[in-house]
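S.K.: Chains as they are written, first to last, in our numbering: chain A, 1 to 395; chain B, 1001 to 1404.
1. Does the Cβ of residue 311 of chain A lie closer than 7 angstroms to at least one heavy atom of the ligand MG?
2. Give the interface partners of residue 1392 of chain B over in chain A, defined as CB-CB distance under 7 angstroms, in chain order.
3. Counting only beta-carbon separations shorter than 8 angstroms, does residue 66 of chain A have a partner in chain B?
4. Can you list, in chain order, the residues of its chain whose CB lies under 8 angstroms from that of residue 135 of chain A, leaving out five sequence neighbours each side?
5. Tell me the rounded alpha-carbon separation between residue 48 of chain A and residue 1284 of chain B.
6. List the whole-angstrom C-beta distance separating residue 324 of chain A from residue 220 of chain A, where the pair is believed to meet the contact cut-off of C-beta under 8 angstroms.
7. How about residue 1095 of chain B and residue 1062 of chain B: are their beta carbons less than 8 angstroms apart?
8. Does any CB atom of chain A fall closer than 8 angstroms to the CB of residue 1171 of chain B?
9. What residues of chain B sit near residue 159 of chain A, judged by a beta carbon separation below 7 angstroms?
10. So which of A:318, A:52 and A:263 has the shortest CA-CA distance to residue 107 of chain A?
11. Based on the DSSP output, what are the partners of residue 269 of chain A in its beta bridges?
12. Could you have a look at residue 136 of chain A and say whether DSSP puts it in helix, strand or coil?
13. Could you tell me which uninterrupted beta strand (DSSP E) segments, each at least 3 residues in length, are contained entirely in the region 1140-1210 of chain B, listed from first to last along the chain?
14. Can you pull the chain A neighbours of residue 1380 of chain B, defined as C-beta to C-beta under 8 angstroms?
15. Cβ of residue 1005 of chain B less than 8 angstroms from any chain A Cβ?
16. Pairing CB atoms from the region 352-370 of chain A with CB atoms from the region 248-255 of chain A, are three or more of them under 8 angstroms?
17. Looking only at C-alpha atoms, which of B:1342, B:1375 and B:1384 sits nearest to residue 1362 of chain B?
18. Taking residue 27 of chain A as the reference, give the member of A:340, A:42 and A:14 with the closest Cα.
19. Ends of the alpha helix (DSSP H) at residue 1339 of chain B?
20. Is the region 81-98 of chain A touching the region 296-312 of chain A, taking contact as three or more C-beta pairs under 8 angstroms?
21. Measuring alpha carbon to alpha carbon, tell me which of B:1106, B:1105 and B:1025 ends up nearest residue 1157 of chain B.
22. Distance check for residue 1368 of chain B and residue 1328 of chain B, CA to CA, integer angstroms please.
23. On the three-state DSSP scale, how would you describe residue 1006 of chain B?
24. For residue 246 of chain A and residue 122 of chain A, what's the separation of their Cα atoms in angstroms?
25. Is the separation between the beta-carbon of residue 289 of chain A and that of residue 249 of chain A shorter than 8 angstroms?
26. For the region 1355-1369 of chain B, which residues have a beta carbon sitting closer than 9 angstroms to at least one beta carbon of chain A?
27. Report the rounded CA-to-CA distance for residue 1184 of chain B versus residue 1176 of chain B, giving the unit in angstroms.
28. Is it buried or exposed for residue 58 of chain A, if we count other Cβ within 10 angstroms and need 16 for buried?
29. Residues of chain B with a CB under 9 angstroms from the CB of residue 166 of chain A: which are they?
30. Spatial neighbours of residue 1089 of chain B within its chain, please: C-beta separation below 7 angstroms, excluding the five flanking residues on both sides.
31. Is DSSP giving residue 60 of chain A helix, strand or coil here?
32. Taking all protein chains shown into account, decide if residue 1084 of chain B is buried (16 or more other Cβ within 10 angstroms of its Cβ) or exposed.
33. In chain order, what residues of the same chain lie with their CB nearer than 6 angstroms to the CB of residue 1170 of chain B, ignoring the 5 residues before and after it?
34. What does a CB cutoff of less than 6 angstroms around residue 268 of chain A pick up in its chain, not counting 5 residues either side in sequence?
35. Could you name each continuous alpha helix (DSSP H) segment of 4 residues or more that falls completely within the region 343-395 of chain A, going from the start of the chain to the end?
36. Does the structure place the region 328-335 of chain A close enough to the region 376-384 of chain A that three or more beta carbon pairs sit under 8 angstroms?
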């Protein structure tokens, strides 16, 4: 049979372009700063995950440069062979101390942590129980297993308990409950205290993906364990350095047993090159900044509270967010897209989220707060929201 | 998100769908006498229309049809581009006009003052000839059956609930839900999937016998299932792909329990699974499978009981009827209380496509045995398999309240 082995690449791409669903990449001509230059336009940034603006913090930049000068541009190997530098170990020690857990492990990315660790925690004869709105990286991690999976309604503890009861009755060997910490569409938070309690009751392991909570919620931004006062009680606290910490990399924090197991078994960790020294240097500095400069987390929350309050008083529906992710619910999908475009024209960068990502009548603009935005910046953005909200009959 | 959590499509894809939509051609037929028997205690109108009128029955369906149309016009259809084909008078034309819809074409007329099932069928035949995209009908299970007899699986059908009995999956839960489904179909945000046509044998029922049969599998309107293919890009997955996953699941299940007899229930989903496994399957009946081989076809209760005597361990695979959610007591009376007791509640496997579950919020059982129904009710929920090794919680409700 004669085949054109690569024709599909072109054809499928062209199909995406035809339907306008190819990614049109926005190009940042500045760093990811509160005021960014995007596609040649100066905008207030309301859609980056750089919550604390640490990616621009002088200490992180300095430590990255110093580490590169001292240890080079790359690490030379994967962690298990010759790519573990003292710098990596220092980050893990410092992170565990910060998270108040016995130990921690850095992965190459958050995705690598979920895709690498989850398949090692459950297999045939086990069950993974998952919140219906969990992130795609969790889903992919779960898909790599031969385990049974059950879904519970978003944050519904009654339903979670039903699934646990059923799993208990069916005598699964291991039960693993997985949830996002802060959910990225609505900004609501998983009731981790209750999940841990249920986990203990049924002998289930608990795993939280706290990507949007690390550096954001809990005292000093120590994450969801600290937020609920259950530090060290969640079996796996997974997070990322790429959002509030302002660098890149995935992380897990928990017991020494967890870490020993994880680095011996996670294929993503074992088979990927380790972080360059500059990354590790910046990670170390990020934790240091969180420990010594509480003003960043404080600013983030002050900004968040002000922004939410003002939007609500204008008449916008901001949903049930408990975090710096604030949805501005506008109704129809076309309206959300129009508002996003008009905001961009007016110098505010915030993306629309539409059905089927959210319910048909709950299309929205998702805003993500940044500690580096001033009151003047927020007022500028709020004024645009108000003006365009009225123009589009949203408020 | 994964495929069971449906959802998610890129906004441009979404708008693209809306922008490129074509004018929809809808066939609209009302069975004006549907539902009349209920008010006068006849449990149906099939064949007893005169008696119903004598007892003082008043028309129900025309009002229901208008209610749906008005809801559709006022809440949903502002920009929907529809060409309506319908019948003269109370069989559709009046209702459309009363709802303020002018873009209609009368394509069927009957001289007979008292319309019958034959008129519904003839009208549907006409709609088929005109190549409509969807037939919207107003009536009950009897009307659904008449429409299905003519249309089969050629085009989708959507029912405005107005009969005495509405066990079929092609109905919206109420007139408002039907209006919304119609709007979403026209805007191509809903897709086409299997839907059960159920009907009670009314003669037997009036004699006190309860026998709801699965009459066939029509094309209905269902919520598509989406999977995430990029950060905010989602692709809809066909029902067949989901059913392939369900097949893989059942194969695994059977391989792991090699000494179990499996009873395959009725309906489109289970039929698909069986056929994928290269097993003979009775679409509307119960078959038995042992070690991946069929050991009994289209079994009645006695035959099932005999098999259960022969095979010590057994499980039964069921799929809920769309919208109504019945897994037992509708269309599968062969699975009698005695059969279910022998198999055991723990050995019931319920499978469903996620799209069907969107419009099927609860599972119902009506075995005819109060004790057994109570045992189901005490379970409170069932884990329904919605993909390969993937399940989710669905509540159990003991019978439909006030249901005929």
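No residue lacks a Cβ here, since even glycine has one placed at the ideal position from N, Cα and C.
M.R.: So, from the data block:
1. Although the ligand MG was asked about, the structure shown includes no ligands whatsoever.
2. 150 and 151
3. no
4. 114, 180, 184, 209 and 211
5. 55 angstroms
6. In fact, because the Cβ distance is near 15 angstroms, the residues do not count as touching under 8 angstroms.
7. yes
8. no
9. 1393
10. A:263
11. Per DSSP, none; premise fails for residue 269 of chain A.
12. helix
13. 1157-1161 and 1191-1200
14. 162
15. Here residue 1005 of chain B scores only 34 on pLDDT, less than 50, and its place in the model is too uncertain to base an answer on.
16. no
17. B:1384
18. A:42
19. 1337-1343
20. no
21. B:1025
22. 9 angstroms
23. Confidence is the limiting factor: at residue 1006 of chain B the pLDDT is only 32, short of 50, which leaves the residue's position unreliable and the question unanswerable from this model.
24. 32 angstroms
25. no
26. none
27. 12 angstroms
28. exposed
29. 1381, 1382, 1383, 1391 and 1393
30. none
31. helix
32. buried
33. 1144, 1157, 1159, 1195, 1218 and 1220
34. 112, 115 and 116
35. 375-391
36. no
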